[in-house]
Every structure is written in C-alpha cells, then in structure tokens.
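Taking it in order: structure first as structure tokens, then the write-up.
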Amino acid sequence: MRVTLTAIKADIGSIGGHIRPSVSLLKEVERSLQPHLGSDFIDFRLSYTGDDIAILMTHTHGTDNPLIHQIAWDAFKAAADVAKKEGLYGAGQDLLKDAFSGNIRGLGPGIAEMEFEERKSEPFLLFAADKTDPGAFNLPLYLAFCDPMYCSGLLLSPNMFKGFKFEIMDVSYTEGDKVIALVAPEELYDIAALLRDPERYVIKAVYSRTTGEIAAVASTTRLHNIAGKYVGKDDPILLVRAQGSFPATGEILEPYALVPYVGGFMRGSHQGPLMPVKRNSSVSFFDGPPIVSCTAYCVKEGKLSEEADAFDHPFWDYVREIASKKAIELRRQGFYGNAMLPYGELEYGGIVERLKALEGKFEIRH
Ligand code: F6R
Ligand code: MG
Ligand code: MG
33 MRVTLTAIKA DIGSIGGHIR PSVSLLKEVE RSLQPHLGSD FIDFRLSYTG
83 DDIAILMTHT HGTDNPLIHQ IAWDAFKAAA DVAKKEGLYG AGQDLLKDAF
133 SGNIRGLGPG IAEMEFEERK SEPFLLFAAD KTDPGAFNLP LYLAFCDPMY
183 CSGLLLSPNM FKGFKFEIMD VSYTEGDKVI ALVAPEELYD IAALLRDPER
233 YVIKAVYSRT TGEIAAVAST TRLHNIAGKY VGKDDPILLV RAQGSFPATG
283 EILEPYALVP YVGGFMRGSH QGPLMPVKRN SSVSFFDGPP IVSCTAYCVK
333 EGKLSEEADA FDHPFWDYVR EIASKKAIEL RRQGFYGNAM LPYGELEYGG
383 IVERLKALEG KFEIRH
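Take the sequence shown: its letters are residues 33 to 398, numbered as in the working numbering.
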C-alpha cells in the first residue's frame, strides 16, 4: 500500500518562557485532530520537544495535500487560541500568516513529508529538534548515509553498495526552493563542502540509489525568511526510514553521540551542543541546550505501531552528560567568538542597532 507520512511541528506557546507547551495545548491539538481520524487520515501521534508540538499523521493523499495541511493548521490555530487564553508565552508564535491558502509551507510551521510503498515491515524514525535550525541534521545525516565509519551497512549490506543521493537546499534563497542533487560516494567532497555551512545549506531529502526510494526528508523552513525578522528559531523535524536498503536504526542514531555544536540556543543566536533527549523533554539551561528527540515507529497499512523512544536508554544518559559538559564549556566564554553566531545569523536586531550607533563614533586616523 502507498502511504504518506506527514510530520508538522510548531511552537504555538509555552509555559514559563520557551520551556514546553501545556498539557491543555496538546489536548486541544488532539481534540481538533480526532474527528478526522479514520476518515481524512489513518492515524496520528502527538509529542513535544521543548516548546514545539509535533503532529505525525499517516494517510493516502500524498505530499502537499491541502486537506491534510488544513487539518494540521486548524489544530495549531485552535491550540494557539487556548495558549492565548492561558496567557502562555509566545502564543501562536510560529503561525506567521493569518489565512491558510492550501499549503502549510511558508506559513511558519515546519513540515517533513514522504510518500512511499510500504515494505513488509516499515520501520521509521521521527526526529524533532528545539532551539536550533534545520542545518542541525546535516552532520548526523551525512555520517549515517555517507560514512562507513558510522554506517557499517555501506560496507556490509549489498543493498547499500550504490550509496545515496542527497538533495541539498540553499535556504538563503527566498524566491523559491534552490536545490542541488548530489550523489555519494562520487560527489562526497562536494556534499561535505556544502554541509560544512549548516546555516545556509541544508539537507532536504535523501534517496537510495539502489531502489530510488525516499530515505529521509527534513523540514527546511527558515522562519526569519518568511517573517523578515526574528520570530523564533526554526526548530526542525526529520523523517528517516530505517533498515533493509536504508541504514539500520542504530546507524542512524550513532552520529548523535557526537553532540556537535549547532546554531541556536539562547535567543537563536548562539552555538550549543545538540543534546539527544527523551520524548516530551523541556529545555532549561540558557534556554537550551539545543535538543533533539527521536521516536521510532513501524507503520502497517497506515496504522502506526506503539512508539519506542530511541534516546531513552542508559547509553544516552552518558551522552547527555557529555553534551552538558560541552554546553558549560562553551558558555564559559559568554558572548565571545564562537560562543555566539556570526553577525548575519544573530536572530535579534539589537546588535545591528548597537553597531550602527557606534559606527558614527569611529574616527579614521592616518
Ligand atoms: C530561542 C528561544 C528563546 C528566546 C528567549 C528570549 O529559540 O525561544 O531563547 O529567544 O527566551 O525570548 P523573548 O525575546 O521572547 O523574550
Ligand atoms: Mg519558542
Ligand atoms: Mg522551539
């Protein structure tokens, strides 16, 4: 059967700053989705990561379906009204446009969708990150799909010998989707050259070169490109199919043990280690650190299995400790150098005004 997975996430308000959504917000999203269950879509699940709520839906309408997008948009809208009533912080923050016009892309929420023919068993992973941007998935995806140091399947599984095709988007371009397709292993260095700059070049999708099937798809929204100013970090989501001609679940997870520094953290303007956390985790230290959750599922005829929390394991407690140490270490240098993002990526306008005011006070001496 051909099934579509649609994952949509948005920050529509949270408790005590940008910590986590309230239970009543999640309930409102659920209340709004429930009437469509079994008719417009087959199944759904809700979770939160920091201040973002993620909706996962399964259906047969394909990607970019106006009805499915509308249902998600209405659910977020309804919950944003609850957030306003409760006086939650940043109520409706990611709903940047007032009216829905057929597609949720460009309206604020992050979206990752894929359509495929279900395999006999169809395991897949939903990653959701908070206090960071879509480039946060560049390194983990690169290592899982290109590097035999991480993905042993590239050496051991004939299903993967041909490698993978990457679609990479230049998210600085706002007139449309500026995308390049590159294949690994032949164009590995070109892929690396782009992914090196995660604020600009972002993996949009990955395909198997053996079967041509879609392997991974990430949200690539840049909120400040939509709104023209800082309105919160882009907090991406990612769907990855696992096993068979795709990397094994453990190969997809392994790179997260690196806890690479990513852009985001406090005020979307710093660097911090990407900490793998359990589902439904909040943020804390310096509005962070940047976090990523991963829920594993199987889907059969569109019905979702029970969920398995991929980072809920003693191994990841140790990794979280390393991430905490890396976070504290970098925070020790406060605003200085690499602790903060470069000028063009600072998500608040204040520094621009400050530097502009100082510019007039400089004098040129010869
Ligand atoms: C980052 C984030 C927070 C806020 C910070 C200041 O994505 O959501 O770090 O940027 O708490 O929030 P405001 O400017 O809303 O007071
Ligand atoms: Mg927020
Ligand atoms: Mg967020």
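By construction, the Cβ of each residue, glycine as well, lies at the ideal position given by its N, Cα and C atoms.
Under the 10 Å beta carbon count, residue 270 is surrounded by 16 or more other beta carbons and is classified as buried. Counted as a single uninterrupted DSSP element, the alpha helix (DSSP H) harbouring residue 382 occupies residues 382-391.
Within the model, the alpha-carbon separation for residue 344 versus residue 204 is close to 35 Å. Within a 10 Å sphere around the beta-carbon of residue 253 sit 16 or more other beta-carbons, which makes this residue buried. In the DSSP annotation of this structure, the continuous segment of the beta strand (DSSP E) that includes residue 295 starts and ends at 293-296.
Contact between the stretch 72-85 and the stretch 146-156 is absent: fewer than three C-beta pairs spanning the two stretches fall below 8 Å. Contact check for residue 279 and residue 178: beta-carbon distance about 10 Å, past the 8 Å limit, so the pair fails to qualify. The alpha helix (DSSP H) runs lying completely inside the stretch 106-184 and spanning 4 residues or more are 170-178, given in chain order. Counting every other CB atom within 10 Å of its CB across the protein chains shown gives residue 206 a total below 16, marking it as exposed.
Set against 7 Å, the gap from the CB of residue 46 to the closest heavy atom of ligand 2 is smaller. By the Cβ-count criterion, residue 250 is buried, with 16 or more other Cβ atoms from all chains shown falling within 10 Å of its own Cβ. Scanning 119, 274, 308 for the CA closest to the CA of residue 168 turns up 308. According to the DSSP secondary-structure assignment, residue 277 is paired through a beta bridge with no residue. The secondary-structure analysis by DSSP pairs residue 52 across a beta bridge with 47. Residue 311 has its Cβ no nearer than 7 Å to any heavy atom of ligand 1. Within the chosen limit of 7 Å, ligand 1 does not reach the beta carbon of residue 307 with any heavy atom. Counting only the Cα atoms, residue 276 lies some 29 Å from residue 352. Membership of residue 361 in the alpha helix (DSSP H) is indicated by the continuous run 346-363.
At least 8 Å separates the beta-carbon of residue 61 from that of residue 123. Here the alpha carbon of residue 235 sits roughly 11 Å from the alpha carbon of residue 229. If you look at residue 84, you'll find it in the beta strand (DSSP E) that goes 84-91. In this structure, the beta-carbon distance from residue 146 to residue 246 falls below 8 Å. Using a cutoff of 7 Å, the CB of residue 319 counts as near ligand 1, since one of the ligand's heavy atoms is closer than that. Residue 341 is bridged by DSSP to 327.
Taken through DSSP and simplified to helix, strand or coil, residue 228 comes out as coil. Secondary structure note for residue 199: its beta strand (DSSP E) is the uninterrupted segment 196-202.
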